[in-house]
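Counting from 1, position 552 in the sequence shown corresponds to residue 605 in our numbering; the numbering is continuous, with no gaps. Even glycine gets a Cβ: it sits at the ideal position worked out from N, Cα and C. Data first, discussion second: the structure below is written as structure tokens.
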Amino acid sequence: MLHEVLLALSGHPSPLFSDHHESGISKTSQARNDFPLLTPSEKALLASIGQLSELHRKLRRHVEQIAVAHSSTICRAVATSIQEVHLARFQDHILEVESKILTKDAAVVGAYDIVPLAGVVGEFDDWHRRMAWYWDLATFMLPSHGSKARGCTGASLIDRLRAEMQTGFEDIEQAALELSRVAETAWLRQASSWVLYGKVPTFGASDFFVKLEEVDGEQRCSKDRSLLPKFASAPTASSILFIGKSLLQVRKYGQQPAQSTANSDASLSERELVSKHLQHLSALSLPIVSSQLSRAISSIRLSLSQNVLQHLLPMEVVLNVLSCIKQFMLLERGEFAVALINEADNRLQVRQQSMGRLLQQDPVKALKGLSINDAEFQQTLLQVWKRLATQDEDIEDEVLDFAEKHVTLSTPDKADSRPSTSDSIHEAAVDLTTVGFNDLLFPSAVILGLNITQPLDLFITSTEVKTYSSVNAYLLSLKRAHVRLADLWRRTVARRDTAPARGSADGQTTNTEDRQRFAKRRTATRKVWATCSAAIFLLSETSAYFEGEIVRESWSCFERWVRQSDQDEVSLHKSTQTELEEKQDVAPRDPESLAAGHRAFLASLVYVLLLNDIPYTKELRSLLGNVDNLIAFFKRLLDIQQKLDMEHDAGGETGYTAEEEARIALELDRARKKVDSDLRSVVNRLKQLDQERIGSGRYLSAMSMESGGFEPWKGGGVDRLLMKLEFGRMTVDEYDLV
């Protein structure tokens, strides 16, 4: 009987235990009721042995299936370890008990060579909990037949094993520790393929957190957070993603026909650095410590950046891109903004003049014809480049040349959506308002974009370019409204009451009727001029504050950080000679740090520009739209009044012109009141923001994001803008305009 017990524990069928199923309940764990030689006490002792033997057989079959068919290499490795190491220990323990019986060890064999069944059963008491734990782990990796649950991922298995190491049972903790080492070793092998060579593992790619997909013939890289073990922090995971994607670009860049010397050196350095990077990964202890992994990945990233990526993406190229963004996307070059606004207005004016007759016949069709396609947008931008080039004929402007090649003007749905390598820490877009300002320059929505090509996308994403486009449309709409309002004061007809000379030979001057008519017009338009003055004051102060203080100071802070090295601070206790030696070998920031700092800068810029506040942007967008209506009605009224003066000078007026003047005057007054209301709403919202953004809320918290060591500029509170507006506060009649 002892032989049958040991055989059953080894996984073989035994006549001691029933092998059939009754009513769907397995009876293999119980001693056979029809076995004539067993006493009730022996049956009770054998019940636990039957359960253990059944669990052993089921577990062995289940882990064999996992090791062969599971999609995760980590789960396969753990299943193989259970099968070849842990169950092998159980088998060795069975042989050890058998050896004790055969050698008549006093621990098992009693007097008269009697082997108590209770003693044999007691030898396996410690294995019941452990075998049940193995079974739970196996069904967690791959649920048993009939279960609706799906198999687990490698990351969830690693996290569970780490949690099981804290159960308090020594045997379970030891087993979990050993299996955790196996699982994390398998995970490291997957990660090393990506970190060292930029290749997704050939087998088990579906279980690896880095995903590659073909989009428009190009490989797009992303990470699946659900496939990340908990010991890999978000910054570490993003660094891993960045390293592999950088290697992908280096390999692709090295395969291009035209290779420079720097590129060849970079490829050579990449091959030489593989062994060095492998040493960083090999030095990790198991189970993996999060801080050690972070340091190892940071060392690999820094080594890759200093030895390979500097040749692929020199700092001069980075600064050139940033200069282009600063001058054209953020409107530091004011003549560009003015030229773009004027060129857009001229193009629209030409189209409106050519469609004047159609406007009278079919206004709806005429409005549809005002839509502009991308080709016309590009022609507009081309004319702007020509204007800027004529202003700097004798100066070679590298930034302007770069902008001509990479800056685009197009509809938003056709903006560049190129996948980027700069997935630094946070992939989510910057929190922006849903209110759009890109439909003010032209009748249809248009954005100023930037084509980011390899290797420029090592540190800037297409999402960030879209954010810059939103900021550009925001700043440009403020400047455009300011320019158009200021243009009203340049219209001689609007500022002077000069009636046309009479047609008589003696050139009779304006009579009393003319003076009365002009006085009536002045009275009617006094409030309009006051509203225009208030609007131009608010827009000019807001635009000057945003561009002259917020953007300039924020960018200066970011640019200083970019030009500094990661090792620009030298300890004070070091000698002067040592300081000089270290400063001579200064390494610029790696692309991922630049990308993280740039992301933090952009998020901070959007915050201080109030572009993430929906109520404020709604009020401002309404103001800008109503300002356009006010200007259009005002110009239309001036044209009609000029026509009336000409008709009056000719000796007669038409009723249609007078009715049209009254109608436009009414619409103008309505537009004026809307602008008045919007002016108050904008200022009131600014006051509310000043109350909401107090203390640390005045600035975007750098603790909520990984900034690569960059500290955004802390300035530009809403209170400063309010002070400027309150200083110029004005009241006209009963309207408190600002």
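Distance between beta carbons of residue j and residue i, contact taken as under 8 Å
i	j	result
Trp-608	Leu-383	7 Å
Glu-151	Leu-59	5 Å
Ala-228	Trp-186	7 Å
Thr-670	Val-488	4 Å
Val-452	Asn-373	7 Å
Leu-99	Met-184	Between Met-184 and Leu-99 the Cβ distance is about 16 Å, and since that is not below 8 Å, they are no contact.
Ile-127	Gly-207	3 Å
For residue i, the first and last residue of its enclosing alpha helix (DSSP H)
i	result
Gly-768	No alpha helix (DSSP H) holds Gly-768; DSSP gives it neither H nor E.
Thr-133	126-134
Leu-462	Element bounds for Leu-462: not the alpha helix (DSSP H) but the beta strand (DSSP E), 460-463.
His-181	178-194
Lys-439	427-444
Gln-617	Counting along the chain, Gln-617 falls outside any alpha helix (DSSP H), and DSSP gives it neither H nor E.
Glu-217	207-217
Asn-373	368-377
Gln-380	Taken as a continuous stretch (DSSP letters only), Gln-380 belongs to no alpha helix (DSSP H), as it is neither H nor E.
Val-235	223-250
Val-661	644-661
Ala-526	515-541
Ala-349	343-357
Through-space distance from residue j to residue i, alpha-carbon basis
i	j	result
Ser-259	Gln-436	50 Å
Gln-345	Ser-292	14 Å
Asn-491	Ser-523	7 Å
Ile-500	Ser-246	40 Å
Arg-471	Asp-681	For Arg-471, the pLDDT reaches just 43, beneath the cut-off of 50, and the residue's location in the model is therefore unreliable, although a value from the coordinates is still provided. Whole-angstrom Cα-Cα distance: 35 Å.
Thr-576	Trp-582	10 Å
Arg-278	Ala-285	10 Å
Thr-486	Glu-594	22 Å
Leu-140	Leu-105	12 Å
Cys-610	Leu-647	13 Å
Leu-148	Ser-101	19 Å
Phe-430	Val-728	30 Å
Ser-477	Leu-591	Any reading at Ser-477 must be qualified, since the residue scores a pLDDT of 41, below 50, and its modelled position is unreliable; no value is offered.
Gln-359	Gln-617	15 Å
Ile-667	His-535	22 Å
Arg-386	Ser-125	55 Å
Phe-193	Leu-301	35 Å
Ala-724	Phe-599	26 Å
Leu-732	Tyr-660	22 Å
Ser-763	Gly-251	Looking at the sequence provided, one finds Phe at residue 763 rather than Ser. Near 28 Å, if we compare the C-alpha coordinates of Gly-251 and Phe-763.
Arg-213	Gln-219	10 Å
Ile-350	Leu-334	8 Å
Phe-177	Ser-63	12 Å
Asp-484	Lys-519	12 Å
Lys-96	Ala-239	44 Å
Ala-498	Leu-662	21 Å
Ala-792	Ser-299	Limits of the chain in this structure are 54 at one end and 791 at the other, which puts residue 792 out of reach.
Val-131	His-115	12 Å
Where the beta strand (DSSP E) through residue i begins and ends
i	result
Leu-501	500-503
Identified DSSP bridge partners for residue i
i	result
Glu-266	Arg-273
Closest Cα partner of residue i within the set the options
i	options	result
Glu-672	Tyr-660, Asn-737 and Ala-718	Asn-737
Arg-354	Val-371, Leu-331, Ser-376 and Ser-338	Leu-331
Leu-540	Glu-223, Asp-398 and Lys-439	A quick correction: the sequence has Asp, not Leu, at residue 540. Checked all of Glu-223, Asp-398 and Lys-439; the closest Cα to Asp-540 is Asp-398.
Val-361	Val-518, Thr-206 and Pro-644	Pro-644
Ser-209	Ser-197, Glu-237 and Arg-182	Glu-237
Ser-356	Lys-329, Pro-367, Ser-376 and Ser-338	Lys-329
Leu-697	Arg-574, Arg-613 and Val-174	Arg-574
Asn-679	Ile-747, Leu-531 and Ser-275	Leu-531
Ser-515	Asn-525, Gly-502, Tyr-527 and Ala-526	Gly-502
Ser-376	Arg-304, Pro-93 and Val-615	Val-615
Glu-396	Leu-441, Asn-504, Leu-365 and Glu-369	Leu-441
Arg-716	Arg-689, Met-699 and Gln-741	Arg-689
Pro-465	Ala-456, Ile-425, Thr-443 and Glu-449	Ile-425
Glu-369	Phe-455, Leu-494, Phe-389 and Phe-687	Phe-455
Glu-779	Lys-740, Pro-765 and Lys-767	Lys-740
Heavy atom of the ligand ATP within 7 Å of residue i beta-carbon
i	result
Ala-122	With respect to small molecules bound, the structure shown includes none, and the ligand ATP cannot be examined in it.
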